[in-house]
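Residue 372 is where the first sequence starts when you use the numbering used here, and the numbers rise one by one after that.
Some notes on the structure that comes next.
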Amino acid sequence: MAGVPGVRALLTVQRSVTLQHSFFGFTPIHFASACFPRRLYSTSTGSTETKPPVNPENESLLENLNLMGVDVRMARQRQPGVLRKTFTNENGLAQFLQGKGAGRKVIASIISRYPRAITRSIEHLEQRWQLWRNIFQTDAEIVSILDRSPESFFRSSDNDNLEKNIDYLVSLGLNAKDLHRLLTTAPRTFSNSLELNKQMVEFLEDICTELGGSNPEQFAKMVMTRNLYILIRSTKRVKTNIDNLKASLKLSDSELLALLQGHGAEILDLSNEYLKKNFNSLEQKMTALGCRKADVKKLIINYPMILYIGPDTLSSKLDCLLKGGITMKQILEKPKVLDYSTQNITGRLEELRRLGYDFQKNGINILDSSRKRFAAKIEKLSASPEE
DNA sequence: GTGACCGGGTTCTGCCATAAGG
DNA sequence: CCTTATGGCAGAACCCGGTCAC
């Protein structure tokens with residue numbers, strides 16, 4: 372490892388970094404640093420020093436990055452090869468991003484986390500940016516995504532592929548709003564190869580057909596818009612989850628199709644083990660509470676998102692509801708109450724208890740409402756306490 | 001008006017492995 | 001051998017309000 376402590380970045384913050392030798396966006400020369408690898412001919416120190424003359428890092432590049440506030444240590448850890456390159460375009464990149472409204476810290480952070488960004492030419496950047504701008508209204512939106520996930524934007528150097536992806540997604544019937552949500556939420560989708568995206572879409576269509584669905588295209592589109600992460604998952608993962616759901620719930624084809632078309636889509640991208648673990652612990656917990664297998668199945672079909680909830684969270688949430696005087700039967704009928712955080716539920720149960728709210732009489736729907744509506748309800752109840 | 005029903009919104013990167021190309 | 005481009009993985013819920021039948 373060795374190298375520049377992260378702190379260094381902080382020390383160089385206000386040093387000006389502007390325009391040192393950059394033509395055409397490229398910084399033409401970082402003298403590949405007095406080029407001799409440190410110990411090229413060291414005969415002295417024995418075995419460990421016999422390392423072959425790997426390219427040395429480009430000292431002037433390092434200096435430049437330091438001036439820009441880049442965390443060089445981080446960059447080195449992520450993509451060491453970039454630091455050894457003779458020609459890079461960090462100044463061009465910085466100016467480009469600055470022109471798009473990115474601040475100095477954001478730029479430094481982007482390079483620190485995805486160093487290869489500095490190998491892209493201005494022409495490439497312009498082109499890619501324009502393609503993204505087909506989907507985003509403002510530069511600021513794009514900047515915020517880059518800040519969040521530099522890799523999504525910079526990992527691929529294939530702008531053609533990006534363009535084809537957009538065309539493809541449009542051809543599937545995704546509208547401007549869908550694309551916007553998709554690129555915002557799962558930007559990596561657009562850096563996938565067109566082939567990979569196609570594979571997933573076709574996989575989904577095949578599933579639909581296999582299950583006897585009549586409109587595979589519609590089905591695939593539905594799954595994609597319900598689960599924006601689906602295209603950045605492997606077909607293997609999605610397939611395994613589908614198989615597991617089918618097997619553990621003993622679903623018929625049509626039941627499975629309905630599940631996937633509905634909210635089931637939302638849990639398809641969970642990691643296989645996680646989904647399995649959650650299913651097992653849910654079944655176990657429910658069995659312990661006296662439920663039958665059919666109850667478990669019904670619950671999951673009506674509220675697949677329950678499988679999204681980790682064992683501990685779920686367990687404490689259920690306990691909290693039961694302790695608050697709500698029955699398992701009621702939960703099975705209105706599983707959406709599980710949507711809300713344990714903390715939220717606990718607070719509401721407490722308030723309702725103070726007011727003597729009768730869940731047997733009034734049901735538990737009151738727990739499944741927005742904060743505003745709940746508050747309004749509480750106010751009314753306090754004004755005219757029920758009997 | 002009100003509450004049940006339902007759909008929608010937000011959210012998800014940063015790392016590692018490996019094939020391909022040099 | 002190297003670097004680059006790309007695929008894949010783990011991680012893990014909560015909240016809001018429109019609408020419509022009553």
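Glycine included, each C-beta is placed from N, C-alpha and C at the ideal position.
Taking a 10 Å sphere around the C-beta of proline 451, we find fewer than 16 other C-beta atoms and assign the residue as exposed. Proline 706 is a Cβ neighbour of asparagine 673, given a cutoff of 8 Å. Boundaries of the alpha helix (DSSP H) harbouring serine 483: 475 to 484, taken from the DSSP string. Between isoleucine 489 and aspartate 518, the C-beta gap is not smaller than 8 Å, which leaves the two residues out of contact. In this structure the segment 588 to 601 touches the segment 625 to 637; the number of beta carbon pairs closer than 8 Å is three or more. About 6 Å separates the Cβ atoms of alanine 479 and methionine 439, confirming a contact at the 8 Å cut-off. In the DSSP annotation of this structure, the continuous segment of the alpha helix (DSSP H) that includes threonine 596 starts and ends at 587 to 597. Arginine 444: member of the alpha helix (DSSP H) spanning 443 to 449, first to last residue. Check the Cα spacing between asparagine 532 and each of Arg559, Asn546 and Lys694: the tightest is with Arg559.
The Cβ atoms of isoleucine 735 and glutamine 714 lie no closer than 8 Å to each other. Contact between the segment 575 to 584 and the segment 546 to 565 is absent: fewer than 3 CB-CB pairs across the two stretches fall below 8 Å.
CA-to-CA, the gap between serine 740 and isoleucine 716 works out to about 11 Å. Secondary structure of threonine 684 (DSSP, three-state): helix. The C-alpha of asparagine 651 lies about 37 Å from the C-alpha of lysine 748. Between the C-alpha atoms of leucine 540 and leucine 550 there is a straight-line separation of about 8 Å. Residue environment analysis places alanine 665 among the exposed positions, since fewer than 16 neighbouring C-beta atoms fall within 10 angstroms of its C-beta. For the options Lys668, Glu721 and Lys694, the alpha carbon positioned closest to that of glutamate 704 is the one of Lys668. Looking at the backbone, the Cα of isoleucine 671 and that of glutamate 626 are separated by about 12 Å. Counting only the Cα atoms, lysine 751 lies some 44 Å from serine 642. Unbroken beta strand (DSSP E) runs of no fewer than 3 residues, entirely contained in the segment 658 to 709, are not found. Spanning the alpha carbons of asparagine 568 and serine 605 requires a straight line of approximately 10 Å. If you look at alanine 618, you'll find it in the alpha helix (DSSP H) that goes 606 to 620. Setting aside the 5 residues that flank it on each side, alanine 636 is surrounded in the same chain by Val594, Arg597 and Asn598, each with a C-beta closer than 6 Å to its C-beta; the list follows chain order. Residue state for threonine 459 is assigned as strand, using DSSP reduced to three classes. Alanine 446 and isoleucine 677 have their alpha carbons spaced roughly 40 Å apart.
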